[in-house]
Structures are given as C-alpha cells and as structure tokens.
C-alpha cells in the first residue's frame with residue numbers, strides 16, 4: 067500500500083514538473099502575453115440606440131473604417147457611427163456608451179478596438195446585423211490609454227498608455243475574431259510624461275509629447291533613433307501627421323499647460339523646430355480653439371477641435387502643399 071502511494075505521489079510530482087516546464091516554454095516562446103476577458107450577459111448586448119445629442123462635446127477622433135464613419139464623442143462618453151458624414155448628429159447610431167472619456171477607435175474590417183481612457187481598458191467590438199457588439203475587454207492597460215491605431219503593414223493594433231511610456235501591441239488570431247495582447251513595448255524616458263498620440267510611418271514610430279521633444283524610434287522595439295527638441299511654447303503637442311512634404315503638428319498647450327498657445331503648425335524638417343523653423347497654419351481655420359487629432363480618408367483630411375462652440379470637426383484638402391477647401395462639418 068505504501069509502495070503504491072509512493073508511486074502515485076511520484077507520478078503527480080512528475081506531471082506537475084512537466085506541466086510547469088510546458089508553461090515556461092509556452093510563455094517563453096509564444097508571442098501571446100494575455101488573452102482578454104470575454105464579455106457576456108448584458109454587457110454583450112448589441113448597442114442599437116440613436117445618438118441622444120444634437121451636438122458634440124469635445125470630439126477627439128473622426129475616422130472611416132470600412133463603410134462606416136465614426137466619431138469619438140469624448141465628453142459624452144460614447145462612440146458614434148453613420149453611413150454618411152452628412153447626417154445630422156442625432157441620426158447617428160451609438161457604437162458604445164460603455165466608455166469614460168474615450169479618444170480613438172480603429173478597425174481591421176473584422177474587429178474594432180477602442181480605448182476606454184479613464185477606465186484603463188481597451189474594448190474589442192464586432193458589428194452584427196447593423197449594430198455593434200462588445201465581445202472582449204482588456205483591463206489594466208497602463209494609465210489612461212489614449213490612442214489606438216491599426217497598422218496594415220504589420221497587421222497589428224497599437225495602443226498607447228499616455229502616462230507610462232508603454233505601447234501595447236494587439237493581434238487578431240488568423241481566421242478568428244479573437245484578439246490577443248501580443249507584446250508590451252516601452253520607452254523609459256516617456257514614463258510619467260503625458261503623450262497624447264503616436265504616428266507610424268513605415269517601420270518607424272514618432273511620439274509627440276509634453277517632454278518638449280519629438281521622439282523617432284524603431285517600431286519593432288521602440289529603440290530611439292533620433293530626438294527633436296521643440297520650443298516651450300509648442301511643448302504640449304497632440305499629434306504629428308505627414309502630409310505631402312510637411313509634418314503637420316497640432317498643439318494643445320505650452321510647457322506650462324496653457325491652452326492660450328494651442329495652434330497648428332507645419333515644418334519640412336523636424337530638426338528646424340527648436341529654432342522656430344515652422345509655419346503656423348491655424349489661420350486657415352477659425353483659430354482660438356484647441357486643435358486635436360487629424361486623420362485622412364475619402365481623399366480629404368480631417369481635424370477635430372475643442373473650445374469653440376459650433377466648431378468641432380473640419381474637412382480640408384492639401385494640393386501641392388497648399389491647404390484648400392477648408393470646410394466646417396460639425
């Protein structure tokens with residue numbers, strides 16, 4: 067009996083050791099770091115309501131994904147969608163209102179990722195029968211995840227924790243709608259620095275920050291390639307967008323946090339910023355507000371703006387580096 071018991075205990079120990087070794091190897095070799103919580107029950111019901119508001123409250127992002135247009139209506143804590151940018155706002159549908167101060171949404175044609183900034187989450191949604199279904203959530207995504215994009219070149223979603231210097235890399239599994247967190251990359255010198263966005267240009271990534279500089283790094287590991295200092299009056303940058311021969315940069319505040327310095331500027335060479343080698347282009351718009359995120363689709367460029375009643379989303383064109391056809395949409 068004792069011999070049999072010893073054999074059983076030995077077998078259990080061997081199985082436990084093998085299991086631990088397998089898990090170690092899996093964690094070491096597999097690119098998957100974390101699988102999300104699957105959303106079910108009442109949280110997973112499709113959102114079907116119309117937008118209850120006829121105006122926007124601090125919109126941060128306007129985008130087109132597939133055949134749908136999206137507006138992240140930040141201070142109304144919701145994301146809107148429509149089949150046309152010309153519809154009145156109260157005719158737009160609600161993608162989700164289960165966010166708090168969200169900023170962006172991105173999609174690859176199958177799934178949509180949205181940052182839930184104040185809840186430190188990334189939400190995964192799918193569109194079913196004309197409505198959006200919340201299917202997964204990733205919690206504890208740094209501090210105030212602020213910006214998410216889909217990069218076709220790498221077939222990955224990238225989301226940034228605006229206060230910790232961490233870039234979260236998500237991947238949709240092949241032939242599936244399941245999304246996994248594949249990697250977390252970081253830039254230590256941005257830990258504790260407020261970063262509102264990043265821009266992926268080929269195999270490089272640019273970070274504009276409140277650290278009085280722009281950082282250019284390798285996308286694959288965030289190793290820094292170059293750093294471009296900027297003057298204090300444009301230190302609180304929001305976003306960088308390469309349009310034709312210029313880098314366009316929206317600015318929210320100066321180094322002290324004053325929105326009196328909010329503007330839009332452009333430069334051909336980021337190295338010229340420190341010496342004032344840039345052009346202020348806010349006069350093409352109303353001016354006096356706070357320009358925020360830019361984007362491009364349907365052959366036009368778009369800009370969201372805060373602080374000016376009745377001026378929230380602009381459309382404009384750039385032809386031979388000249389800004390034309392500036393139109394107020396909302």
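In the working numbering, the protein residues as written are 67 to 396.
Each residue gets a CB set at the ideal place from its N, CA and C atoms; glycine is no exception.
**Burial state of residue 291, where buried means 16 or more other Cβ atoms lie within 10 Å** = exposed
**Request:** Note down the Cα distance separating residue 294 from residue 164, rounded to an integer number of angstroms.
**Result:** 38 Å
**Prompt:** Is residue 266 helix, strand or coil when you go by DSSP?
**Reply:** Here DSSP, grouped into helix, strand and coil, assigns residue 266 to strand.
**Message:** Classify residue 178: buried if its beta carbon has 16 or more other beta carbons within 10 angstroms, exposed otherwise.
**Reply:** buried
**Message:** If you measure between the beta carbons of residue 191 and residue 201, is that distance less than 9 Å?
**Reply:** yes
**Stretch-stretch touch, CB-based, cutoff 8 Å, three pairs: the segment 378–386 with the segment 317–332** = no
**Request:** Please classify residue 371: is it buried, with 16 or more other beta-carbons within 10 angstroms of its beta-carbon, or exposed?
**Result:** buried
**Prompt:** Sorted by chain position, which residues of the same chain lie with C-beta nearer than 8 Å to residue 254's C-beta, five sequence neighbours on each side aside?
**Reply:** Contacts found: 231.
**Neighbourhood of residue 298 by C-beta distance below 7 Å, restricted to the same chain and skipping five residues each side** = 278, 320 and 321
**Item:** C-alpha gap between residue 162 and residue 312, whole angstroms
**Value:** Cα atoms of residue 162 and residue 312: separation of roughly 35 Å, rounded to the nearest angstrom.
**Secondary structure, alpha helix (DSSP H): runs of 4+ residues fully inside the segment 219–288** = Within the segment 219–288, no complete alpha helix (DSSP H) run reaches 4 residues.
**Beta-carbon separation (whole angstroms), residue 173 vs residue 131, contact threshold 8 Å** = 4 Å
**Asked** CB-CB under 7 Å to residue 377, same chain, minus the five flanking residues each way: which ones, in chain order?
**Response** Here the set comprises 352, 355, 371 and 394.
**Request:** Report the rounded CA-to-CA distance for residue 301 versus residue 242, giving the unit in angstroms.
**Result:** 42 Å
**Sub-9 Å separation of residue 236 and residue 256 beta-carbons** = no
**Asked** My guess is that residue 229 and residue 258 are in contact by the Cβ rule of under 8 Å, so how many angstroms apart are they, rounded?
**Response** 7 Å
**Request:** Going by CA-CA distance only, name the one from 137, 247, 176 and 288 that's closest to residue 194.
**Result:** The candidate whose alpha carbon is nearest that of residue 194 is 176.
**Request:** Determine the direct distance from the alpha carbon of residue 361 to that of residue 250, and round the result to whole angstroms.
**Result:** 25 Å
**Prompt:** From 204, 266, 226 and 285, pick the residue whose C-alpha is nearest to that of residue 307; which is it?
**Reply:** 266
**Message:** Less than 7 Å between C-beta atoms, sequence neighbours within five positions excluded: which residues of the same chain meet that for residue 374?
**Reply:** 352, 354 and 355
**Asked** On the three-state DSSP scale, how would you describe residue 144?
**Response** strand
**Request:** Work out the CA separation of residue 223 and residue 137 for me, nearest whole Å.
**Result:** 19 Å
**Under the three-state DSSP convention, the category residue 185 falls into** = Residue state, collapsed to three classes: helix.
**Request:** Less than 8 Å between the CB atoms is what I'm expecting for residue 139 and residue 151, so what's the real figure, rounded?
**Result:** The pair is not a contact, with the Cβ atoms about 14 Å apart (cut-off 8 Å).
**residue 347 - DSSP class collapsed to helix/strand/coil** = If DSSP states are grouped into helix, strand and coil, residue 347 belongs with coil.
**Item:** Proximity winner among 385, 348, 245 and 339, relative to residue 203 (alpha-carbon distances)
**Value:** 245
**Asked** What residue does the beta strand (DSSP E) around residue 157 start on, and which one ends it?
**Response** Element bounds for residue 157: n/a, residue is neither H nor E.
**Rounded C-alpha distance that separates residue 387 from residue 309** = 8 Å
**Request:** Under 8 Å Cβ to Cβ from residue 389, same chain only, skipping five residues before and after it: list those, please.
**Result:** The residues are 347, 350, 382 and 383.
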